[in-house]
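**Q** Its first residue numbered -17, the sequence shown is counted upward by one per residue in this note's numbering.
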Amino acid sequence: MVSRPGRPAPPPPPDHTSQQAPRIEVTATNISVFGYPSSGEPVIALEDVSVADIDYLQLDRLKIPKYRLQDQGAEDNFCRRLLHLGGRRWPTLDRFRLLLDAIAGNDVVIEWILDGTEPCPSSAERRWISVARPSGGGVCVADVPRWIPEVVDGGEVSVEENAMLERRALLKLAVDMDEKARLLVDEFKGKHYEKANAYDGGTLTKDDLC
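Next up, the structure:
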């Protein structure tokens, strides 16, 4: 039996003042944007970022900064906008990356979870969240469960929900929040709330959305 490679030691998680804390990570299938607030969990991560999201975050689409803002007040303001888009709070970047690798079926990460090296991502951690802020007001939220191959029973996710997740690249076509909101409702069973504080889901918090 071929032994699995040992887990490499991860870099130390960036603190609130690290000049090297990354703003963005890009893979073949996903763009993630990060923020580093002065309170709460030290990392906020937004996955499956679209053009509409980048514009809402007031970033230059063709020249997104590599690293966080050095002024903590400005960084906190950026984090607030991330939370308004459904950004999730994480203890470390490494934990967020592990989740994405597990969802993708990375063999090494799956083995770490199965042998107890890493705790299995919770149902709440696994959920896919996407939020739009249409020009007419309120928020639109899509919230879809995800499973981890070989680790979490696929019965937790319906065939329809799995098919929705396979189509989430559609959101990259949205050029503004109105288009994103329409896609969330039409393609991902998103729910529109007239006001952010009317949100009744269990994955995000009203404080983060408002």
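Just so it is clear, CB atoms sit at the ideal spot from N, CA and C, and this is done for glycine as well.
If we call anything under 8 Å between Cβ atoms a contact, is W72 one with V25?
**A** On the sequence shown, residue 72 is found 90 positions in, with the first residue counted as 1. On the sequence shown, residue 25 is found 43 positions in, with the first residue counted as 1. With contacts defined as CB atoms closer than 8 Å, W72 and V25 qualify as a contacting pair.
**Q** On a CA-only basis, which of Q1, T11, D190 and V91 is nearest L147? Give me that one, please.
**A** As a position in the sequence shown, residue 147 is number 165, starting the count at 1. For L147, the nearest C-alpha among the options comes from T11.
**Q** Under DSSP, the beta strand (DSSP E) around D125 begins and ends at which residues?
**A** The residue given as residue 125 occupies position 143 in the sequence shown. Run containing D125: V121 to V126, per the beta strand (DSSP E) assignment.
**Q** Whole angstroms are fine: how far does the CA of L65 sit from the CA of E169?
**A** Here residue 169 corresponds to residue number 187 of the sequence shown, with the count starting at 1. Here residue 65 corresponds to residue number 83 of the sequence shown, with the count starting at 1. E169 and L65: Cα-Cα distance of roughly 22 Å.
**Q** Could you name the residues of the same chain whose beta carbon sits closer than 7 Å to that of T185, not counting the 5 residues immediately before and after it, in chain order?
**A** For the purposes of this step, residue 185 is taken as the residue at position 203 of the sequence shown. Closer than 7 Å at the Cβ level, and outside the excluded window around T185, lie A106, R109, I111 and D125.
**Q** Which ranges does the beta strand (DSSP E) cover as unbroken runs of at least 3 residues, wholly within the stretch 13 to 89, from first to last along the chain?
**A** 13 to 17, 25 to 28 and 70 to 72
**Q** Would you kindly work out how many angstroms separate the C-alpha atoms of V33 and C102, rounded to a whole number?
**A** Here residue 33 corresponds to residue number 51 of the sequence shown, with the count starting at 1. Here residue 102 corresponds to residue number 120 of the sequence shown, with the count starting at 1. Rounded to the nearest angstrom, the two C-alpha atoms are 32 Å apart.
**Q** Excluding the 5 residues preceding and the 5 following G87 in the sequence, name in chain order all residues of the same chain whose CB lies nearer than 6 Å to its CB.
**A** Residue mapping note: residue 87 aligns to position 105 of the sequence shown, counting from 1. Taken in chain order, the residues that qualify are P131.
**Q** On the DSSP letters alone, give me the boundaries of the beta strand (DSSP E) that K173 sits inside.
**A** Residue mapping note: residue 173 aligns to position 191 of the sequence shown, counting from 1. First-last of the beta strand (DSSP E) with K173: K173 to Y175.
**Q** Determine which residues share a DSSP beta bridge with A220 and list them.
**A** The question about residue 220 has no answer, for the chain in this structure spans -17 to 192.
**Q** Closer than 8 Å by C-beta to M(-17): which residues in its own chain qualify, once you throw out the five before and the five after it? Chain order, please.
**A** Taking the first residue of the sequence shown as position 1, residue -17 is located at position 1. Low local confidence applies: a pLDDT of 43 at M(-17) is under 50, so the model's placement there is unreliable, and no value is given.
**Q** Residues in its own chain within less than 7 Å of L153 by CB, not counting five upstream and five downstream?
**A** Position 171 of the sequence shown, counting from 1, holds the residue named residue 153. For L153, where only same-chain residues beyond five positions count, the Cβ hits under 7 Å are D30, S32, S112, K162 and L165.
**Q** Considering A114, what are the terminal residues of the beta strand (DSSP E) in which it resides?
**A** As a first step, residue 114 is located in the sequence shown; it is residue number 132 there, counting from the start. Segment W110 to A114, the beta strand (DSSP E) holding A114.
**Q** Exposed or buried, which one is D182 when buried takes at least 16 other CB atoms within 10 Å?
**A** To locate residue 182, count along the sequence shown from 1; it is residue 200. It is exposed - the Cβ of D182 has fewer than 16 other Cβ atoms within 10 Å.
**Q** For Q1, I'd like the list of residues in its chain whose CB is within less than 7 Å of its CB, leaving aside the five on either flank, ordered along the chain.
**A** For this step, residue 1 is matched to residue 19 along the sequence shown. Same-chain partners within the cutoff: Y49 and Q52.
**Q** Taking the Cβ atom as the reference point for each residue, do I46 and R79 lie within a distance shorter than 8 Å?
**A** Residue 46 sits at position 64 when you count from the first residue of the sequence shown. Residue 79 sits at position 97 when you count from the first residue of the sequence shown. Not a contact, by the Cβ cut-off of 8 Å.
**Q** Using only alpha-carbon positions, find the residue among S117, C61 and A3 that is nearest to T74.
**A** Looking up residue 74 in the sequence shown gives position 92. Per the Cα distances, A3.
**Q** Per the DSSP calculation, P4 is bridged to which residue(s)?
**A** Taking the sequence shown and counting its residues from 1, one reaches residue 4 at position 22. Note: P4 sits in a beta bridge opposite Y49.
**Q** Would a C-beta distance cut-off of 8 Å place D118 and A178 closer than the cut-off?
**A** Along the sequence shown, read from residue 1 onward, the residue named residue 118 stands at position 136. Along the sequence shown, read from residue 1 onward, the residue named residue 178 stands at position 196. Checking the displayed sequence, the identity of residue 118 turns out to be Gly instead of Asp. Against a cut-off of 8 Å, the Cβ pair of A178 and G118 comes out as no contact.
**Q** Quick one: using the 10 Å Cβ neighbour count with 16 as the cut-off for buried, is V123 buried or exposed?
**A** Residue numbering aside, residue 123 sits at position 141 when the sequence shown is read from its first letter. It counts as buried.
**Q** Please classify S117: does DSSP put it in a helix, a strand, or coil?
**A** Position 135 of the sequence shown, counting from 1, holds the residue named residue 117. Coil.
**Q** So the alpha helix (DSSP H) N144 belongs to, where does it begin and stop?
**A** Walking along the sequence shown from the start, residue 144 turns up at place 162. Residues V141 to E148.
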